[in-house]
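Chemist: There's a structure below that I have some questions on.
Protein chains in written order, with my numbering: chain A, 371 to 1363; chain B, 8 to 512.
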């Protein structure tokens, strides 16, 4: 009976249904689309298209509508009616790609965003030879400063979002790479980047809690195209030529001798000897493709960059594999991202750049080329033989701070072998059409093996040690796992509501190891440390360390959109960090934003968008080490317990090397942002404006304490170190940012897209320094250095003043003999001489197209910052030292009379750093392609740093946010600043289909 | 990796269960905690901790820029002439020599921190190990030594003991500090070991601290810095403390003066308390770098180039009588490489009468700004073996028996026993082949101490006790009496608002 019923029901179903069929095409390319989901609306019955884009499906009489959907394409609904053949064309979902902005744990429609977020897509990227991804953004985002002084391929750009956000904790924006928080920027090649989203204000960054206080840069890598079963292969390759520019003028050998310089009889252009025309090459190859609900990108990127200083090189091989797969009718979506980057760097002693500028221009490179007056042949042969033995034949003289730069480059070597791997796995599942749950696990691993080597003939270091070499290893692993749930619905008429809730745990592991030895019979580099006869004592070392910290978080975010007119959002993140004192481990970071597009309710004339918005958020900062709250006893002196047994009775002493502070807690940044998003003339002109105020409290800083006194943060403890990490200061800053884009200006057949942005800073001011009984009126930083300027700090950070003010005497003039007339020599009478940070930055991007030609360039600049020109501050005077060292004589050097005083800091050496630079320019030509195998072929050529307009007479007028990492001493151009290159590039890109 | 995943899993559960546990334990993977110290079964630990406290004394005494420097360079024996750009250093060493220092100059803060770090290390251990009696006594005496330096250099400093808690300590007067040092020694001296280990304090060196305190009582107990108060003199007490040392028979003068400063001076019978510098174990003594000319790298085959700084004043050079072997404390003459080749300064100043061959002659043409680079004689007291590293191996004598003899001579002379005093001084002179004295006065006694203790960090204190520190010499004009105390450093006034600046600043 049962089986009869079954047969009957099947038969009746069979009798009542019918088969429909058809083909789905890509609307643009008119190629068949495989893997398109075809569903009967309101049911789970459906199928997918085959490789030829064809499908067959049974439909029931009650079925009304078919839904055709595919990732990256706009879904289409088609009434079934009596039709039995459906030929469908799906259009790419350009709208969603353009408008979706990544905001952290999800995306948001751009029109709904009410905090300060800037999206930069591929089209807007800087074009040229940029090994570091953030250089693509330079000058593009108002409020984001990307600076790199000098042209060392191994120096990483400094990033600052809205100026100085802290001076004890990190000041660099958080990088989030495809959802991986804090990813190494090394892990992604610029060529693989689809877009950047810069979360500028605290309300946007608050979803990242403690790690977002310096702003957040979200990087989205390219995904596979989902068009069909055939792959696209894109090859991009270019060559670059770098030449040194803007060398500081120095005295010629004749001028040097005429001014009293020691004449060694030769003529050497040291900078010519240490620099080179660098030839660089880059190849990017990527394969993208898709089938069914799966798409992928596989890419390989190789970059080789020689520096313009001989001996500097950076070589990078990056591979990436992104895989997206949809299962269960695409309700379960899985993403996998694997990236591995191998970077090898070679560097020289940075001081070689300084010696190349100031080394005696009459000295020969080699001792054999020196001719001693009245010297016998025997003496000469002995002298040369000794130099060959001691210094590898190089000319060296035992003078203070005096090393042959060519020898320095050839007899010392510093390398890094950097391995960076990121793997991330994400799953997302639609519980219903309103609830989506997701989870992501990622690990970010960085391993750096550094070596240093000093030849036994290297007069600078190796000679006295009879050769020295060392290696160090550093490993960092960050593991992150999160889970989120997302709810989205129209909760009542015209009110769209989205809620995101989640939890996350982040574990930070670091460890390192180092070893070095001295006294080598042969130069063997750092690869045979065992050959060093001395493994213990000065010039040798062995050590290791490890740290581990845990950060647990829960977070939630709610977005409301009423009728696409009124927008409101609120978020909160609570975090617990293991590295704080027990009472202060948990911090709560809330944010609220609101905005309204007034064009929806008012007649705004030419405006098609006029969206004022306001946002307020709180973000936090972590200290640089997780054990600062604890009393840790570290390694003290080596202690022989029995003096007669100086080896076998030794223990290493234990001393409290840093003062514990169990009251250590979060640094908090509160930011209020008023913004306006506008569009005029139907989107012809678009842009944003933002005004922001930032208040930082409980700033983390390693502050001075009265050593020896009781530790007021931990009763029973005593200060045994001179400083303690504590929450000690309040800062405030403000700024205004402006962006305008004009789209498609027609100049005859030429199409022009200009985009301009500028930022005005109210520099960060120190409102208060102090905690408990500690109260500091100022923090002095940065001495110019040796010779002779080791003890005079020139940047005084005072309460009530801006960070980065130079203090010193004013230069009033010169006596007839060229002696300084300074306003005072008493430090207590020194004056504020100005500030090393800019008051404004600007960028002006231009994109022209004419038929198949295109031209892009960026003008970029900063104003308002002073720079201490160290080369002038030490080496322009005709004083006693100028017979040893060559002098720089720039357009800013007083020459009548020559300064004869001993170099001393004053405002004579502070110069305005204002500059405009043609940062990059590229001309491209797209060949008209008729081949069946090639879809795109482009040739291009460009230049970076074509010209710089500035009054600054040093190496590079670029803003110095820090002094070798010290944020309290901005605006100093050190004497080891790498030369600035001009870079010419030419390359081609083609895509095979 | 597996551990990470496990932790992630556990951590994730914790995070998801929201609030059930918002407390995370911070692991310590490098270094040890107080609990580790408390639970250690190692019998050596207490000794290692004690020696770790002494390591703070070893600290940067023997390096440039701290307490040693401000005491020597502000004296009439040493200066750091400015050679063009080299050694200008914001003028702080010129100001130090001319007694015109500013309260913000960094070296004074360095000296303060050096002393107070010893106070902090000893207090931390005393607080942690209140019951270890022998340790406690020795650490309290070590702390008293730090306060001896503090009362001498800064005068009015806060007294901090292990029972103090929280907040900034109040300032104490110099008289209170005097009493604290005195009681610290008296209360603990009988608990100290009577073993002659030179790198630790013992029963006799504790008496030396007491003797130094009493010897300077006219300075330390005067209410006006720079004005001696003879009514406060404690000469007999000082002599009594010295007699304890002399009568112990533990120490004797070495036949050769320079044995006390050799690279292998650990067993000198004369040295009583030394800082056991060791290139490998305890670095930080680099007087060879501080004083020698750049070219002297080749003289001693040094690992690094010397700095050409500390130079002896001509008047001091000339003060040695003929035959006085102690004149060898000064390095003079043509400088040669270790293989005997004359060394040349390729950039010798055109006006330098000594020419390009480096020749240390006593005259220094000027203090600043353009002293000739090879001008003046250099510190040659400490042996520098060939191939020396940045730090020397010589143990630095803080207290030595020669000082006991001359201090007793000073007490005897002050107490009117001139013949006794002359006999004692002549013990010292005879050892170094200097002609015996027949008369004695303050100037002779001060000069004798100067020749004996040159570059041992004592000169400033001696000059003050003899009322000569503020006098004029060479390029230093007469200075005001308040300069006999250094200023409370700017950084310390800021860090501790309870402190009031010393008078005059």
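Here a beta-carbon is modelled for each residue, glycine too, at the ideal position from N, C-alpha and C.
By Cβ distance, which residues of its chain are closer than 6 Å to residue 738(A), with the 5 residues on each side in sequence left out?
Modeler: Residue mapping note: residue 738(A) aligns to position 368 of the first chain, counting from 1. Cβ within range, chain order: 754.
Chemist: Around the Cβ of residue 1223(A), are there at least 16 other Cβ atoms within 10 angstroms (buried) or fewer (exposed)?
Modeler: For the purposes of this step, residue 1223(A) is taken as the residue at position 853 of the first chain. Exposed: under 16 other Cβ atoms inside 10 Å.
Chemist: For residue 96(B) and chain A, any beta-carbon pair shorter than 8 Å?
Modeler: Position 89 of the second chain, counting from 1, holds the residue named residue 96(B). Interface residue, yes.
Chemist: In the structure shown, what three-state DSSP assignment does residue 436(B) receive?
Modeler: Here residue 436(B) is taken as the residue at index 429 of the second chain, counted from 1. Three-state result, residue 436(B): helix.
Chemist: Report all residues from its chain with a CB closer than 6 Å to the CB of residue 458(B); omit the five preceding and five following residues, and keep chain order.
Modeler: As a working note, residue 458(B) is residue 451 in the second chain. 333, listed in sequence order.
Chemist: What is the rounded straight-line gap between the Cα of residue 803(A) and the Cα of residue 919(A)?
Modeler: Counting from 1 along the first chain, the entry for residue 803(A) is found at position 433. Counting from 1 along the first chain, the entry for residue 919(A) is found at position 549. When rounded, the distance between both Cα atoms is 38 Å.
Chemist: What residue from 378(B), 403(B) and 292(B) has the CA that sits closest to residue 279(B)'s CA?
Modeler: On the second chain, position 272 is the one that residue 279(B) refers to. Checked all of 378(B), 403(B) and 292(B); the closest Cα to residue 279(B) is 403(B).
Chemist: Taking the beta strand (DSSP E) that residue 1062(A) falls in, what are its first and last residues?
Modeler: For the purposes of this step, residue 1062(A) is taken as residue 692 along the first chain, with counting starting at 1. Looking at the DSSP string, the run of the beta strand (DSSP E) that includes residue 1062(A) is 1055-1074.
Chemist: Thinking residue 1335(A) and residue 1235(A) are a contact (beta carbons under 8 Å), I'd like their distance in whole angstroms, please.
Modeler: Translated into positions along the first chain, residue 1335(A) becomes position 965. Translated into positions along the first chain, residue 1235(A) becomes position 865. 18 Å between Cβ atoms; not a contact.
Chemist: Quick check: is the beta carbon of residue 1238(A) nearer than 8 Å to any beta carbon in chain B?
Modeler: The residue labelled residue 1238(A) in the question sits at position 868 within the first chain. Answer no: the Cβ-Cβ gap between residue 1238(A) and chain B never drops below 8 Å.
Chemist: Looking at the strands, I want to know which residues DSSP matches up with residue 717(A).
Modeler: Indexing the first chain from 1 puts residue 717(A) at position 347. Paired residue(s): 784(A).
Chemist: Is there contact between the segment 1083-1096 of chain A and the segment 475-494 of chain A, where contact requires at least three CB pairs shorter than 8 Å?
Modeler: Segments in contact, no.
Chemist: Quick one: which chain B residues come within Cβ less than 9 Å of residue 1360(A)?
Modeler: On the first chain, residue 1360(A) is found 990 positions in, with the first residue counted as 1. None at all; the shortest Cβ gap to chain B is about 41 Å.
Chemist: What does DSSP give as the partner residue(s) for residue 1227(A) in the beta ladder?
Modeler: Along the first chain, read from residue 1 onward, the residue named residue 1227(A) stands at position 857. Answer is 1216(A) and 1291(A).
Chemist: Could you tell me which chain A residues have their CB closer than 8 Å to the CB of residue 406(B), listed as they occur along the chain?
Modeler: One-based indexing of the second chain puts residue 406(B) at position 399. The premise fails here: residue 406(B) is roughly 18 Å from chain A at the closest Cβ pair, so nothing lies under 8 Å.
Chemist: Could you name each continuous alpha helix (DSSP H) segment of 4 residues or more that falls completely within the segment 865-900 of chain A, going from the start of the chain to the end?
Modeler: You should have found no qualifying run.
Chemist: Give me, in chain order, the residues of the same chain whose beta-carbon lies closer than 7 Å to that of residue 281(B); leave out the 5 immediate sequence neighbours on both sides.
Modeler: Residue mapping note: residue 281(B) aligns to position 274 of the second chain, counting from 1. Answer for residue 281(B): 205, 206, 402, 403, 404 and 405, listed in chain order.
Chemist: Between the C-alpha atoms of residue 508(A) and residue 1037(A), what's the straight-line distance to the nearest angstrom?
Modeler: Position 138 of the first chain, counted from the first residue, corresponds to residue 508(A). Position 667 of the first chain, counted from the first residue, corresponds to residue 1037(A). Residue 508(A) and residue 1037(A): Cα-Cα distance of roughly 28 Å.
Chemist: Quick check: the Cα distance between residue 606(A) and residue 40(B), rounded to an integer number of angstroms?
Modeler: Position 236 of the first chain, counting from 1, holds the residue named residue 606(A). Position 33 of the second chain, counting from 1, holds the residue named residue 40(B). Looking at the two C-alpha atoms, the distance is approximately 55 Å.
Chemist: Against chain B, with Cβ distances strictly below 8 Å, would residue 906(A) count as a contact?
Modeler: For this step, residue 906(A) is matched to residue 536 along the first chain. Chain B, which has a Cβ nearer than 8 Å to the Cβ of residue 906(A), makes this yes.
Chemist: On the three-state DSSP scale, how would you describe residue 435(A)?
Modeler: By one-based count along the first chain, residue 435(A) stands at place 65. Note: residue 435(A) maps to strand in three-state DSSP.
Chemist: DSSP on residue 1026(A), reduced to helix/strand/coil?
Modeler: Translated into positions along the first chain, residue 1026(A) becomes position 656. If DSSP states are grouped into helix, strand and coil, residue 1026(A) belongs with the strands.
Chemist: What in chain A is Cβ-close to residue 127(B), meaning under 7 Å?
Modeler: Walking along the second chain from the start, residue 127(B) turns up at place 120. Those within 7 Å of residue 127(B) in chain A are 1077, 1078, 1088, 1089 and 1090.
Chemist: Look at residue 576(A) and residue 980(A) and say whether their C-beta atoms are less than 8 Å apart.
Modeler: By 1-based counting over the first chain, the position of residue 576(A) is 206. By 1-based counting over the first chain, the position of residue 980(A) is 610. No, Cβ-Cβ distance for residue 576(A) and residue 980(A) is not below 8 Å.
Chemist: Classify residue 465(A) as buried or exposed, calling it buried when 16 or more other Cβ atoms lie within 10 Å of its own Cβ.
Modeler: Indexing the first chain from 1 puts residue 465(A) at position 95. At residue 465(A), the pLDDT of 44 sits below 50, so the modelled position is not reliable; the number obtained from the coordinates is stated separately. Residue 465(A) comes out exposed.
Chemist: Could you confirm whether any beta carbon from chain A is found closer than 8 Å to the beta carbon of residue 401(B)?
Modeler: Working through the second chain from its first residue, we reach residue 401(B) at position 394. Not one chain A Cβ lies under 8 Å of residue 401(B).
Chemist: For residue 513(B), decide whether its Cβ has a neighbour in chain A, counting only Cβ atoms nearer than 8 Å.
Modeler: Nothing about residue 513(B) can be reported from this structure: the residues present for chain B run from 8 to 512 only.
Chemist: What three-state label does DSSP hand residue 592(A) in the structure shown?
Modeler: Stepping through the first chain from its first residue, residue 592(A) is reached at position 222. The answer is coil: DSSP assigns residue 592(A) none of H, G, I, E or B.
Chemist: What are the start and end residues of the alpha helix (DSSP H) that includes residue 255(B)?
Modeler: Taking the second chain and counting its residues from 1, one reaches residue 255(B) at position 248. Where residue 255(B) is concerned, the enclosing alpha helix (DSSP H) stretches over 242-255.
Chemist: When you compare the segment 1109-1127 of chain A with the segment 1045-1054 of chain A, are there three or more beta-carbon pairs, one atom per stretch, that lie closer than 8 Å?
Modeler: Yes, they touch.
Chemist: Using a Cβ-Cβ cut-off of less than 8 Å, give me the residues of the segment 79-104 of chain B that come near chain A, in sequence order.
Modeler: Per Cβ criterion, the list reads 89, 90, 91, 92, 93, 94, 95, 96, 97, 98 and 99.
Chemist: Residue 1198(A) CB to nearest chain B CB: under 8 Å?
Modeler: Taking the first residue of the first chain as 1, we reach residue 1198(A) at position 828. Yes, contact with chain B.
Chemist: Quick check on the burial criterion: 16 or more other C-beta atoms within 10 angstroms. Buried or exposed for residue 495(B)?
Modeler: For this step, residue 495(B) is matched to residue 488 along the second chain. The residue in question, residue 495(B), is buried, as its Cβ has 16 or more Cβ neighbours within 10 Å.
Chemist: Which residues share a DSSP beta bridge with residue 605(A)?
Modeler: Working through the first chain from its first residue, we reach residue 605(A) at position 235. In the DSSP output, where bridge partners are listed per residue, residue 605(A) has 655(A) and 1360(A).
Chemist: Spell out whether any CB of chain B is found under 8 Å from the CB atom of residue 869(A).
Modeler: If you number the first chain from 1, residue 869(A) lands on position 499. No, residue 869(A) lies away from the interface with chain B (no Cβ there is under 8 Å from its Cβ).
Chemist: Report all residues from its chain with a CB closer than 6 Å to the CB of residue 1370(A); omit the five preceding and five following residues, and keep chain order.
Modeler: In the structure as shown, chain A begins at 371 and stops at 1363. Residue 1370(A) is therefore absent and cannot be evaluated.
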